[in-house]
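Residue numbers (the numbering used here), protein chains in the order written: chain A, 364 to 500; chain B, 364 to 500.
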C-alpha cells in the first residue's frame, strides 16, 4: 500500500554547472520527471518536475498546448513569456496558470543555479510534449 | 488577456504566531486558498494553497476523499499519516500522491513557523471539502 512520494529538491546537480550551460542551452537538456499521472475521459492530469539549468526556448519557439498548465517555481529564477506580454520574472513561490492554447515560452532560466519547477498538465490528451515549433496538440 | 498568477509565499503571518496556536489548533484555523480550477466531465481539478500554523487533525479524524490528491510542502514542516502507516515527516520539497479513498490525516504541523502546502485535487466531484468524520465524498 505504498504511495508515490519523493522530494523535488533531491537529485540536483551539485557544484558548478557545466560550462556548456553558458550562455544558452537547448530545451533538450532540461530534465523532465513525471511524478504522478491520473487518466480520465477528459484527458490526463500529469504532475511533473522540471529541472532547468540555464535553458531557454529558442527565440521563435512557442509552446502551444491543447490543455491548461499550472507552473510553480519552487527554487531558482526564470522568465516566462506569454504571447502578447512582457516577460514575467519568476522566483520561488511564483506560479502562473497558463490556459490552453495560450502560447508561451521560457525566455530565461538562471544559468548559475538549478531552477526547479512543478508543472501540472490538466487534461493532456497526448504523450508528454516534445519541443517543436508550436506543433504540440 | 491576463492570466491567474501569484506567489505562494505572499501574505504570510509575520512575527510570532499567536499563543493560541500552541499546543494544538483546530483545522478550522487553516487558510485554504483556491489558486486555479478547471472543470471537466471527469470532475474538477483544483489547485489550492494551504497555510498551516500548528494545526493538526483531531486524533480520530481521517480525510476520506473520492479523488486523488497530490500534496507538496513548499515551506515549513508537517507530519502526514496515511492509514496503516507510520507518520511521514515532510519538509520543503516533499510531496505525496494520496490516492482516492486512501484515508489520511495531518498529524502535526510546525507551530513555530507557517507551513505552506500546495494541493492538487484531481477529479473532485463536490464543492471544496469541509472537515468532518470521513464524510467527504
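Virtual Cβ for every residue (Gly too), placed ideally from N, Cα, C. Remember, predicted model here, so these are calculated numbers, not experimental data.
So, helix, strand or coil for residue i, using DSSP?
i, result
"residue 392(B)", "helix"
"residue 366(B)", "coil"
"residue 464(A)", "coil"
"residue 316(B)", "Here chain B comprises residues numbered 364 to 500, so residue 316(B) is not present and cannot be evaluated."
"residue 383(B)", "Any answer about residue 383(B) is weak, because its pLDDT of 47 lies below 50 and its placement is not dependable; what the coordinates show is given next. Residue state, collapsed to three classes: helix."
"residue 482(A)", "strand"
So, is the C-beta of residue i closer than 9 Å to a C-beta in chain A?
i, result
"residue 395(B)", "no"
"residue 459(B)", "yes"
"residue 417(B)", "no"
"residue 429(B)", "no"
"residue 465(B)", "yes"
"residue 405(B)", "yes"
Residues of chain A with CB under 8 Å from residue i, in chain order?
i, result
"residue 475(B)", "Those within 8 Å of residue 475(B) in chain A number zero; the least Cβ separation is about 20 Å."
"residue 462(B)", "366"
Residue i touches chain A at which residues, Cβ-Cβ below 7 Å?
i, result
"residue 433(B)", "399 and 410"
"residue 483(B)", "410 and 483"
For residue i and chain B, any beta-carbon pair shorter than 9 Å?
i, result
"residue 366(A)", "yes"
"residue 486(A)", "yes"
Which chain B residues sit within Cβ distance under 7 Å of residue i?
i, result
"residue 375(A)", "The premise fails here: residue 375(A) is roughly 10 Å from chain B at the closest Cβ pair, so nothing lies under 7 Å."
"residue 420(A)", "Going along chain B, no residue has its Cβ under 7 Å from residue 420(A), so there is no contact; the nearest lies around 18 Å."
Can you list the residues of chain B that residue i reaches, using a CB-CB cut of under 9 Å?
i, result
"residue 414(A)", "Chain B residues near residue 414(A): none, gap ~12 Å exceeds 9 Å."
Does any CB atom of chain D fall closer than 9 Å to the CB of residue i?
i, result
"residue 413(A)", "In summary, chain D is missing from the structure at hand, where the protein chains are A and B."
Check your understanding: Between the segment 436-451 of chain A and chain B, which residues of the former have CB atoms less than 9 Å from a CB of the latter, in chain order?
Key -> 437, 438, 445, 446, 447, 448 and 451
Review point. In chain order, which continuous runs of the beta strand (DSSP E) of length 3 or greater are located wholly inside the segment 390-462 of chain A?
Key: 394-401, 407-415, 431-438, 441-445, 451-453 and 457-461
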